[in-house]
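Using our numbering, the first residue of the sequence shown is number 2, and each one after it goes up by one. Below is one structure, written out as structure tokens; comments come after it.
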Amino acid sequence: MAHAPRTYTGTPRNLALLARVLRGGGIVAVPTETVYGLAADATSRAACLRIFAAKGRPSSDPLIVHIASLRDLGRVAVPNAAALRLAGKFWPGPLTLVLPKTGAVPGVVTAGLPSVAVRMPAHPLFRRLIRLAGVPLAAPSANPFGYVSPTTAEHVRRSLGRRVGHILDGGASRVGLESTIVDLRDPGRPVLLRPGIITREEISRVLGVPVRNAGRPRGGNRPRVAPGQMARHYSPRTPVSLHASLRPAQAAKGPRDAWLFVSKPVGRQPVNVFWLDERGDLRRAARRLFAVLRDLDEGGFRRIRAELPPGTGVAEALRDRLTRAAG
Ligand code: AMP
Ligand code: MG
């Protein structure tokens, strides 16, 4: 992309213009409630190839397809009863379902897999843009492959720069973590491919069966490809190390390290102590995580030492992203 990116507010006129860009096979960075995405017409191979080129994303890494109405689900995927139950309960929202794909989805979107990952996002501007474009939109996170996901338009500008021409600014992402991904290809045996703020326990309650983890891919078998499952992903350049329990007193011994807690430690803290949420609310912590990692990455620290929150639910998603940040 030769020009610096233009940022657009969500006026009807701007949305119409961006929808034209998308219908013409272009790419647009879009706000979603999870993280900012880099969107293209999911039915166009050429358009989706532009996403991979802009991100430096390997073609083995499939994209999520975003729809604005339940009527469009059958256009891209073959739904089953479990999928419809989850969609009824959690859509629009941060839950992605993996289902058999239809012929409308080119192989480049699914990395050649016969399955497709689909989500109906909740962000009103993104939904309006999908409707105006009139096609489902494929969109991974709008960041260079492997780096921390963007949760503001400014993050997108700073890390993709001239590689994207158009950025729709819809404010800071409300969820702040990528969607939960559930594999429903075998509807009786749902598999959690990526934890998120819609938790394993919530999904399990709706389906009435446990939601398992993806097993280790066996030799000879096609792995259940999930970029979210790659070891190093969402990573700052500063090395990250993880700690089951951190004490703020330790920070004095590592003044060149950033010490990252989930909640604010009691008392006055040295300048190299940080926290995700004052009271340790896990949803608020999730919302801030990526912005904090970006800030710390630019803070000149030798290392980021992060506390892993214990427990189930949203803590599982936070541990997942911190663990990936640590590579
Ligand atoms: P990202 O767009 O970077 O958040 O990553 C896309 C996510 O979608 C990956 O983490 C994959 O787990 C998932 N995904 C996309 N397509 C498929 C598919 N066909 N089968 C399994 N997982 C998929
Ligand atoms: Mg990503």
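Every residue, glycine too, gets a C-beta built ideally from N, C-alpha and C. These numbers come from a predicted model, not from an experiment.
Here the alpha carbons of His4 and Glu203 stand approximately 45 angstroms from one another. Ranked by Cα distance from Val119, the options Gln251, Gly189, Gly162 and Ser70 are led by Ser70. As the crow flies, the alpha-carbon of Gly75 is around 8 angstroms from that of Thr103.
When secondary structure is reduced to three states using DSSP, His167 falls in the strand class.
Bridge partners of Asp278 according to DSSP: Ser264. Residue pairing by DSSP places Pro101 opposite Ser116 in a beta bridge.
For Val241, the secondary structure class from DSSP, reduced to helix, strand or coil, is strand. Proximity of the beta carbon of Asp187 to the ligand AMP is not indicated: no heavy atom of the ligand is located closer than 7 angstroms. A distance criterion of 7 angstroms places the beta-carbon of Arg195 in contact range of the ligand AMP, judged by its closest non-hydrogen atom.
If the five residues before and after Ala123 are omitted, its C-beta is found closer than 6 angstroms to the C-beta atoms of Glu34, Pro93 and Gly94, all from its own chain and listed in chain order. Residue range Ile65 to His67 is occupied by the beta strand (DSSP E) that includes His67.
The three-state reading of DSSP puts Thr313 in coil, since its state is none of H, G, I, E or B. Nearest in C-alpha terms to Gln270, of all of Leu277, Pro211, Ala250 and Ala286, is Ala250.
In the pairwise beta carbon analysis, the stretch 164-176 is classified as not touching the stretch 58-70: fewer than three pairs are separated by under 8 angstroms. Burial state of Pro310 is buried, judged by a 10 Å Cβ sphere holding 16 or more other Cβ atoms.
Spatial neighbours of Thr153 in its own chain (CB-CB distance under 6 angstroms, excluding positions within 5 residues in sequence) are listed in chain order as Ala173. The beta carbon of Glu179 sits closer than 7 angstroms to the beta carbons of Thr35, Val36, Ser142, Ser150, Arg195, Gly197 and Gly229 from its chain, once the five residues preceding and following it are set aside; these are given in chain order. Rounded to whole angstroms, Ala307 and Tyr148 show a C-alpha spacing of 17 angstroms.
Rounded to whole angstroms, Thr111 and Val117 show a C-alpha spacing of 6 angstroms.
In the structure shown, the three-state DSSP call for Val192 is strand.
Within the stretch 23-93, the complete beta strand (DSSP E) runs of at least 3 residues fall at 29-31, 38-42 and 65-67. Within the chosen limit of 7 angstroms, the ligand AMP does not reach the beta carbon of Val212 with any heavy atom.
Here Leu114 is not near Leu98, since their CB atoms are 8 angstroms or more apart. Pairing Leu126 with Pro237, the inter-Cα distance amounts to about 29 angstroms. As the crow flies, the alpha-carbon of Gly314 is around 23 angstroms from that of Ile65. Contact annotation, Arg7 with Gly162: C-beta distance approximately 12 angstroms; criterion of less than 8 angstroms not satisfied. The beta-carbon separation of Asp258 and Phe302, rounded to 6 angstroms, stays under the 8 angstroms limit for a contact.
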